[in-house]
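> The structure's right below; bear with me while I get my questions together.
So this is what it looks like as structure tokens:
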């Protein structure tokens with residue numbers, strides 16, 4: 001059985017700071033207690049499946065005090081108590097970068113919202129950074145070089161690759177340091193209130209966020225197609241694609257878009273030849289073709 005994190009000998013160079021793997025309730029409880037006992041800012045970042053804010057699963061949670069980093073295997077155990085500890089303590093600030101997306105996902109998945117937050121993206125925008133992305137801020141504020149090579153990788157994979165392991169940890173590790181530098185610059189520029197108002201607006205948007213009950217593509221499809229069975233087929237295929245993508249079937253997600261699914265449900269193929277003629281990728285026909293046809297048939301039978 002593969003280990004959940006890469007062995008040390010697989011890294012081409014030493015890890016730049018201690019990185020801890022948290023994958024069970026016991027290690028999660030130790031981390032929760034550490035979070036509650038400490039007063040320094042904590043950086044937070046998450047990695048998700050690639051199905052978008054409304055449907056994704058949280059595949060990895062990364063937190064850091066700026067000295068060490070903890071990678072939380074959110075697929076392995078109930079990680080909500082650790083996040084509750086991060087959110088609950090008034091003694092420290094939660095540092096995020098462009099946090100509206102990550103915090104909204106955590107609200108959808110866990111049902112909780114952070115209060116004491118510093119968003120480095122908001123601060124960088126108020127300070128008029130020409131490129132306020134995290135890599136540029138790490139270089140400007142900390143002289144740290146970051147890459148995004150693992151950003152769109154399969155974060156459900158276990159073990160993580162060495163690149164994923166370092167990328168995930170570094171994303172959280174740089175946040176407290178960047179927040180410290182930007183906080184000093186914001187204060188020196190007399191723009192503390194502007195940053196505070198921007199973060200307040202971001203958190204209000206997170207609190208107001210609710211995932212749509214119907215897939216946005218379904219709404220447009222329903223306006224142009226009154227066939228109830230076609231709409232049922234569309235709903236079934238969209239749900240199936242999301243489920244498969246959240247399990248790591250990235251090729252399916254990348255190759256089968258909404259428009260293609262819309263075309264398929266309208267043509268309603270009865271066999272693999274017709275499915276291929278409707279535009280289904282030949283490379284995915286053997287693996288998924290029979291399942292797609294069965295989903296279409298089952299939706300028609302309801």
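In the numbering used here, the protein residues as written are 1 to 302. Yeah, the Cβ is synthetic: ideal placement off N, Cα and C, and Gly gets one too.
(1) Where residue 235 and residue 78 are concerned, what is the direct C-alpha to C-alpha distance, given to the nearest angstrom?
(2) What is the DSSP secondary structure of residue 17, counted as helix, strand or coil?
(3) From residue 169 to residue 214, what does the alpha carbon distance come to, in whole angstroms?
(4) Could you work out which residue in 132, 70, 113, 212 is closest to residue 23 when comparing CA atoms only?
(5) Under 8 Å between the Cβ atoms of residue 59 and residue 75?
(6) So for residue 112, helix, strand or coil by DSSP?
(7) Which of helix, strand or coil does DSSP assign to residue 64?
(8) Less than 6 Å between C-beta atoms, sequence neighbours within five positions excluded: which residues of the same chain meet that for residue 292?
(9) Taking 8 Å as the cut-off, does the segment 273-286 touch the segment 187-201 (at least 3 CB pairs, one atom from each stretch)?
(10) What number of angstroms, rounded off, separates the C-alpha of residue 220 from the C-alpha of residue 231?
(11) Can you tell me whether residue 55 is buried or exposed? The criterion is at least 16 other CB atoms within 10 Å of its CB, across all chains shown.
(12) For residue 201, name the three-state secondary structure that DSSP assigns.
Concretely, from the data shown:
(1) Rounded to whole angstroms, residue 235 and residue 78 show a C-alpha spacing of 30 Å.
(2) In the three-state reduction of the DSSP assignment, residue 17 falls in the coil class, being assigned neither a helical nor a strand state.
(3) About 35 Å.
(4) Checked all of 132, 70, 113, 212; the closest Cα to residue 23 is 70.
(5) Their beta carbons are under 8 Å apart, which means residue 59 touches residue 75 by this criterion.
(6) Reduced to three states, the DSSP call for residue 112 is coil.
(7) Of the three classes helix, strand and coil, the one that applies to residue 64 here is strand, per DSSP.
(8) Within the same chain, no residue comes within 6 Å of residue 292 by CB-CB distance, once the 5 residues on both sides are set aside.
(9) Too few Cβ pairs lie closer than 8 Å, so no.
(10) Going from the Cα of residue 220 to the Cα of residue 231 covers about 11 Å.
(11) When all chains shown are included, residue 55 counts as buried.
(12) DSSP, read as helix, strand or coil, puts residue 201 in helix.
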